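In what follows, a structure is listed as structure tokens, so that the remarks can point back to it.
2 protein chains.
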Amino acid sequence: MTPPPRIRVVIVDDHQIVIDGIRSLLEQAAQLEFCGSANSGAAALQFLADHHADIVLLDLNMPEMSGLETCKRLLQQHPGLGVIALTMLDEPAMIRAMIEAGAAGYLLKNVGYEELVTAIERVFAGKSHYSKRVGDILLQPADNPDTARNAPSLSRRELQILDLIMQEMTNIEIAEHLFISVNTVDSHRRNIMSKLGVKNTAGMVRVAMERGLLERPD
Amino acid sequence: MTPPPRIRVVIVDDHQIVIDGIRSLLEQAAQLEFCGSANSGAAALQFLADHHADIVLLDLNMPEMSGLETCKRLLQQHPGLGVIALTMLDEPAMIRAMIEAGAAGYLLKNVGYEELVTAIERVFAGKSHYSKRVGDILLQPADNPDTARNAPSLSRRELQILDLIMQEMTNIEIAEHLFISVNTVDSHRRNIMSKLGVKNTAGMVRVAMERGLLERPD
DNA sequence: CGTGACATCACGGATTTCCGCTATTTTCAT
DNA sequence: ATGAAAATAGCGGAAATCCGTGATGTCACG
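Sequences listed follow chains A and B, in order.
If you count the first sequence from 1, position 158 lands on 158 in the numbering used here, and the numbers rise without skipping.
If you count the second sequence from 1, position 146 lands on 146 in the numbering used here, and the numbers rise without skipping.
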């Protein structure tokens, strides 16, 4: 008698201690097999190119490549792969974007051991699994038609302006810094707000941080 | 022969899966004993009032009570306790503030299992332990004497105002919403900026998100 | 060659934030 | 109970934002 095949799980997180911890948890479940980990989206793509796996536990807020982008690329190269987002971000826009990208599960980091294992098994069986709160969020219809789906990507210049705004520079200071007119800075500022669907500076900065825009690497 | 006493460790983190993972790791070390966990600073204080422990692994960016505040209060009530910060925040100001507050260790979440255990043992032995990168940061002198040391936590009302600001409400709207004067809202706004050490709304929102303030719990 | 996205600039005015200064009342911990 | 912190409030003015409306030139793409 051969033992039943175990579910092969890969963990992707930029925090090693989280990987070690979850690995230790997974190894307590006989039907699961930890088969590797990666500290970045790029490393995950590399690893999956060389190794077979059934499930990827994917942290979303990582530097360099976002979890969303990583998810898209992973599923592009491995259509049958089960991607489970494991993150503390509970923003509806991100959740919807991940599901549209093909993630089969979305767990918040306040889940416990049991639910984690349950989710892995369900996704491996071809079903999907979402945290309670995630499900609640999905139930209420998309009130704002924008969000991350129609990712209104900012232009290079707009990202630059946004960066300077978040460094607490005023329009005048930015204009002097970039050798352009204050009016131009104002235009960019308004375009940024329009693209992000916000009403003022506070919303602009909040959304910028939520979506991990302009994240400069180490 | 009685076995040697084990080091009693408490984990404080707002993410259950992180607690479960680290607990699983600790249980693999014979000389360590997981003896409880808490999901918030307040819960940690409560737990430590009822139970004896040697080491507290303390996540820093938690809602409600900050890790820094929690650390201060823990050491105030349990002077011999070994507090080890375990966080992804590598801002020099926060590191210095924690050490001033009496933390005996500061680990970044990219440490692995071995270093975690080493740190716990060293701190239990009365020494201190810092991640490599933390040590590097401490070597270079404090350039700006402000920032998180005088990290004055925001009052409840201030957090509330901050929350509404980040929801893109103007002072006037906030005033109407809370049935107070616009002048009062303005006062709060200025106090918040002063406490956070920023110059305008953009900086306020950025710092608020960086420090994970106002994260409303489940 | 048109179309659209991007970057640039202008101007006036409405609204809002930012600042200094002060001051009263409430709340809370020692 | 006493002091500290918090919450409340006012006022005038400077500065910055937000907004409507419009315009010009570039550059890529089909």
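All C-beta atoms, glycine included, are put in the ideal place defined by N, C-alpha and C.
Model, not experiment: these values are computed from the prediction.
Nearest CA to the CA of alanine 38 of chain A: which residue from A/Met193, A/Ser24, A/Val18? Residue numbering aside, residue 38 of chain A sits at position 38 when the first sequence is read from its first letter. Comparing Cα positions, the closest option is A/Val18.
Give, in chain order, every unbroken run of the beta strand (DSSP E) that is at least 3 residues long and sits entirely within the segment 74-102 of chain B. 82-87
Hey, is glutamate 33 of chain A's beta-carbon within less than 8 angstroms of any beta-carbon in chain B? To locate residue 33 of chain A, count along the first sequence from 1; it is residue 33. No, no contact with chain B.
Under 8 angstroms, do alanine 85 of chain A and glycine 102 of chain A count as touching if we go by C-beta distance? In the first sequence, the residue the question calls residue 85 of chain A occupies position 85. In the first sequence, the residue the question calls residue 102 of chain A occupies position 102. No; because the gap between Cβ atoms is not below 8 angstroms, this pair is not in contact.
Can you say whether asparagine 144 of chain A is buried or exposed, counting buried as having 16 or more other CB atoms within 10 angstroms of its CB? If you number the first sequence from 1, residue 144 of chain A lands on position 144. With a pLDDT of 47 at asparagine 144 of chain A, under the threshold of 50, the modelled position of that residue is not reliable, and the figure given next carries that caveat. It is exposed - the Cβ of asparagine 144 of chain A has fewer than 16 other Cβ atoms within 10 Å.
Candidates B/Glu210, B/Ala208, B/Val207, B/Val117, of which the one nearest arginine 6 of chain B by Cα: Taking the first residue of the second sequence as 1, we reach residue 6 of chain B at position 6. Nearest option by C-alpha distance: B/Val117.
To the nearest angstrom, how far is it from the Cα of valine 9 of chain B to the Cα of alanine 53 of chain B? Working through the second sequence from its first residue, we reach residue 9 of chain B at position 9. Working through the second sequence from its first residue, we reach residue 53 of chain B at position 53. Cα-Cα distance, rounded: 6 angstroms.
For methionine 169 of chain B and histidine 15 of chain A, which I take to be in contact (beta-carbon distance under 8 angstroms), what is that distance rounded to the nearest angstrom? Numbered from 1 along the second sequence, position 169 holds the residue referred to as residue 169 of chain B. Numbered from 1 along the first sequence, position 15 holds the residue referred to as residue 15 of chain A. Contact doesn't hold; Cβ gap of about 35 angstroms is too wide.
Within 10 angstroms of the Cβ of arginine 206 of chain A, are there 16 or more other Cβ atoms? Answer buried if so, exposed if not. Stepping through the first sequence from its first residue, residue 206 of chain A is reached at position 206. Arginine 206 of chain A comes out buried.
Could you pull out every residue in the same chain whose Cβ sits closer than 8 angstroms to the Cβ of glycine 48 of chain A, ignoring the five residues on either side in sequence? Here residue 48 of chain A refers to the residue found at position 48 when the first sequence is read from its first residue. It should be noted that the sequence gives leucine, not glycine, for residue 48 of chain A. Result list for leucine 48 of chain A: Val10, Val56, Leu74, Gln77, His78, Leu81, in chain order.
Three-state class that DSSP yields for leucine 159 of chain B in the structure shown: Along the second sequence, read from residue 1 onward, the residue named residue 159 of chain B stands at position 159. The answer is helix: DSSP assigns leucine 159 of chain B an H, G or I state.
Same chain only: Cβ atoms within 7 angstroms of asparagine 150 of chain A, ignoring 5 sequence neighbours per side: For this step, residue 150 of chain A is matched to residue 150 along the first sequence. Reliability of the predicted coordinates at asparagine 150 of chain A is poor, the pLDDT of 49 falling under 50, and the value obtained from them is presented with this limitation in mind. Nothing listed; no residue qualifies.
Does the beta-carbon of aspartate 13 of chain B have 16 or more other beta-carbons within 10 angstroms, so that it is buried, or is it exposed? Looking up residue 13 of chain B in the second sequence gives position 13. Its Cβ being crowded by 16 or more others within 10 Å, aspartate 13 of chain B is buried.
Local conformation of phenylalanine 34 of chain A per DSSP, three classes: Counting from 1 along the first sequence, the entry for residue 34 of chain A is found at position 34. Three-state result, phenylalanine 34 of chain A: strand.
Grouping DSSP H, G and I as helix and E and B as strand, with all else coil, what is isoleucine 7 of chain A? Residue numbering aside, residue 7 of chain A sits at position 7 when the first sequence is read from its first letter. DSSP places isoleucine 7 of chain A in strand when its eight states are reduced to three.
Supposed contact pair alanine 208 of chain B and methionine 166 of chain B - C-beta distance, whole angstroms, cut 8 angstroms: In the second sequence, counting from the first residue as 1, residue 166 of chain B sits at position 166. In the second sequence, counting from the first residue as 1, residue 208 of chain B sits at position 208. That pair is a contact at about 7 angstroms.
Could you check whether the Cβ of tyrosine 113 of chain B sits closer than 8 angstroms to any Cβ belonging to chain A? For this step, residue 113 of chain B is matched to residue 113 along the second sequence. Yes - at least one Cβ of chain A is within 8 angstroms of the one on tyrosine 113 of chain B.
Report the rounded CA-to-CA distance for leucine 178 of chain B versus glutamate 210 of chain B, giving the unit in angstroms. As a first step, residue 178 of chain B must be located in the second sequence, where it is residue number 178. As a first step, residue 210 of chain B must be located in the second sequence, where it is residue number 210. Leucine 178 of chain B and glutamate 210 of chain B: Cα-Cα distance of roughly 26 angstroms.
Where the beta strand (DSSP E) through valine 56 of chain A begins and ends: For the purposes of this step, residue 56 of chain A is identified with residue 56 of the first sequence, where counting begins at 1. Counting along the chain, the beta strand (DSSP E) containing valine 56 of chain A begins and ends at 55-58.
Quick check: the Cα distance between aspartate 186 of chain B and asparagine 171 of chain B, rounded to an integer number of angstroms? As a working mapping, residue 186 of chain B is identified with position 186 in the second sequence. As a working mapping, residue 171 of chain B is identified with position 171 in the second sequence. Using only the alpha carbons, I get a separation of about 7 angstroms.
Name the chain B residues that come within less than 7 angstroms of methionine 209 of chain A, Cβ to Cβ? Position 209 of the first sequence, counted from the start, is the residue given in the question as residue 209 of chain A. Here the neighbours are Arg206, Met209.
Could you pull the start and end residues of the alpha helix (DSSP H) that leucine 213 of chain B belongs to? Residue numbering aside, residue 213 of chain B sits at position 213 when the second sequence is read from its first letter. Note, leucine 213 of chain B: premise wrong, no alpha helix (DSSP H); not H, not E.
Distance cut-off 7 angstroms: glutamate 210 of chain B Cβ against heavy atoms of the ligand MG: As for the ligand MG, it is missing from this structure, which has no ligand bound.
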